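Chemist: If you scroll down you'll find the structure; I have some questions about it.
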Amino acid sequence: MNPVGLELLKIMVQLAGAIIVSRLTVTWALGRHKSEKTWERKEAAFSDILDALITMERSVQHQSRLSTMSLMDFSAPEKIKSLESEFRTARQQYQRAISTAQLLLSDEVAAAMLTAEKKLFELSSRSNGDRALERIHLEDQIKLLRRHRSEIVRQGRSILGDPNKSVPDFFADPFAWFRHKNEVRKSYGDQP
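Shown next, in the form of structure tokens:
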């Protein structure tokens, strides 16, 4: 083979190698980007759910406390109406989060949310204007919201990763250590 042909063959092999490597790099980078964005969307969905649950729980707790003090405090009915409005807004946020959960999160999370929403509807529609009965229903709502919030936190940690999990020992299991470091890197990837 002549020297020009040999050089041309070397250039062609290098070009083919560069194309293959660049193709694999782009495929890997796009896949990684997609998985990180999916993780971020799941984290945002869990945050929205927990924000709504915490707001509803706080609102119901204040309503329960004010309902016992309403005989002594003349501004309590106005405060209760404000808290009921806050509860309705948070509940609407929670209801919107259900559709996001059905698309992004596990079926277990979506089913738990639908069940909790059904129970909240039943508890909130039972009040007949009776103060004692209303207070009991408020206490039942608080218990339901607390249980559901802890369930969502548990499920969120199982899906997104538990921040309380200990770091694997590098020398005992290097692959587990690298997986853990990769999860930490992904979770903080959007922060400066």
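Residue numbers (this note's numbering): 226 to 417. Note that beta-carbon positions come from the ideal geometry of N, C-alpha and C, so glycine has one too. From a predicted model like this one, the values you see are computed outputs, not experimental measurements.
One question on the structure: do ILE305 and GLN320 come within less than 8 Å of each other, judged by their Cβ atoms?
Modeler: Not closer than 8 Å, so no.
Chemist: With a Cβ-Cβ cutoff of 8 Å, do LEU329 and ARG382 count as a contact?
Modeler: In this structure, ARG382 does not lie closer than 8 Å to LEU329 by Cβ.
Chemist: Enumerated in chain order, which unbroken segments of the beta strand (DSSP E) with a length of 3 residues or greater are wholly contained in the region 262–287?
Modeler: Complete beta strand (DSSP E) runs here, min 3: none at all.
Chemist: Okay, do the region 362–374 and the region 337–350 touch, 3+ Cβ pairs below 8 Å being the bar?
Modeler: Yes, they touch.
Chemist: Distance, Cα to Cα, ILE245 vs ARG404?
Modeler: Each residue's Cα considered, the two are about 27 Å apart.
Chemist: Any contact between the region 269–288 and the region 307–323? By contact I mean 3 or more CB pairs, one from each, below 8 Å.
Modeler: Segments in contact, yes.
Chemist: How is ALA336 classed by DSSP in three states: helix, strand or coil?
Modeler: Here ALA336 sits in helix by DSSP.
Chemist: Out of ARG371, GLU408, ASP387 and GLU232, state which residue places its alpha-carbon closest to the alpha-carbon of SER221.
Modeler: What the structure shows of the chain is the stretch from 226 to 417, and residue 221 is not part of that stretch, so it cannot be assessed.
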